[in-house]
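Position in the sequence shown counted from 1, then plus 277, gives you my numbering.
Every residue gets a Cβ at the ideal spot worked out from N, C-alpha and C, and that includes glycine.
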Amino acid sequence: MLTEFLGQHAGYVLPQLALLLIGFFVEKYYVSRVTVLTNSTAVVVHVISQPNAGPILGLYADFGLALGVWGFAHYVLEERNGDIFRTLSFFLYSSTNVAILILTSSLLYAVVGGALVQLGMVLLVGGGTLSYFGPYSFDVQYFIKNESIPLYDPTSQRNIRVGLTDYFDT
Numbered sequence: 278m279l280t281e282f283l284g285q286h287a288g289y290v291l292p293q294l295a296l297l298l299i300g301f302f303v304e305k306y307y308v309s310r311v312t313v314l315t316n317s318t319a320v321v322v323h324v325i326s327q328p329n330a331g332p333i334l335g336l337y338a339d340f341g342l343a344l345g346v347w348g349f350a351h352y353v354l355e356e357r358n359g360d361i362f363r364t365l366s367f368f369l370y371s372s373t374n375v376a377i378l379i380l381t382s383s384l385l386y387a388v389v390g391g392a393l394v395q396l397g398m399v400l401l402v403g404g405g406t407l408s409y410f411g412p413y414s415f416d417v418q419y420f421i422k423n424e425s426i427p428l429y430d431p432t433s434q435r436n437i438r439v440g441l442t443d444y445f446d447t
């Protein structure tokens, strides 16, 4: 049977890995608010399943869960989160960070290793800027911020230029 093949240790990390799998599917260009909640929940499950997790890992799990609930509440209410939320999410609670934490049980490896991977992705995908956070690729986000469209204004009876940022969330 598959359960016998996986062994006891794999059975312990299966719930956390299932939550991470959801995060990997949601997370392509950025760490979404839903991913922060699922990843921090995976950290909480990991901490609960580890008898000697330690207080620092517990604080990391608690902070992540609070951050995840905060982000998810903003998602449900269709409100924006600030840059501090996105930066913390991207560099501390991405699926990469949480996977490293679950596999190694080392918070140091998870934070440093995951942050380095995330930084590499920003530089690779984002074209060398740390300001890339959002649902669009860097090129699309740049286009949205810098282009406009003509729109007829009935008051002045002429076409005016309206920025794409009025229509797209960046």
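- Distance from the CA of Pro427 to the CA of Asn358, rounded to the nearest whole angstrom, comes to 30 Å.
- Residue environment: Asn436 is assigned as exposed (fewer than 16 neighbouring CB atoms within 10 Å of its CB, all protein chains considered).
- The beta carbon of Glu424 sits closer than 6 Å to the beta carbons of Leu441 from its chain, once the five residues preceding and following it are set aside; these are given in chain order.
- At the C-beta level, Gly391 and Ile377 come within 7 Å of one another.
- For Ser317, the enclosing alpha helix (DSSP H) stretches over residues 310 to 326.
- In the DSSP assignment, Arg363 falls within the alpha helix (DSSP H) that extends over 360 to 369.
- One thing to note: Arg310 has its Cβ no nearer than 7 Å to the Cβ of Gly341.
- DSSP places Pro427 in the strand class (E or B) of the three-state scheme.
- Per DSSP, reduced to three states, the secondary structure at Gly331 is coil, with no helix or strand assignment.
- Between Tyr370 and Asn316, the C-beta gap is smaller than 7 Å, which places the two residues in contact.
- Annotated as distal: Val320 and Pro292, with beta-carbon spacing of 7 Å or more.
- The residue from Leu384, Leu396, Ile361, Thr364 with its alpha-carbon nearest to that of Leu336 is Leu384.
- Judged by their CB atoms, Phe367 and Gln327 are not nearer to each other than the 7 Å cut-off.
- Comparing C-alpha distances from Ser382 to each of Leu334, Tyr429, Leu393, Ala295 shows the shortest one belongs to Leu334.
- Rounded to the nearest whole angstrom, the C-alpha separation of Ala338 and Asp360 is 21 Å.
- Sixteen is the threshold: when 16 or more other Cβ atoms of the shown chains lie within 10 Å of the Cβ of Asn374, as they do, the residue is buried.
- For Arg435, the enclosing beta strand (DSSP E) has its first and last residue at 435 to 440.
- Where Thr381 is concerned, the enclosing alpha helix (DSSP H) starts and stops at 372 to 381.
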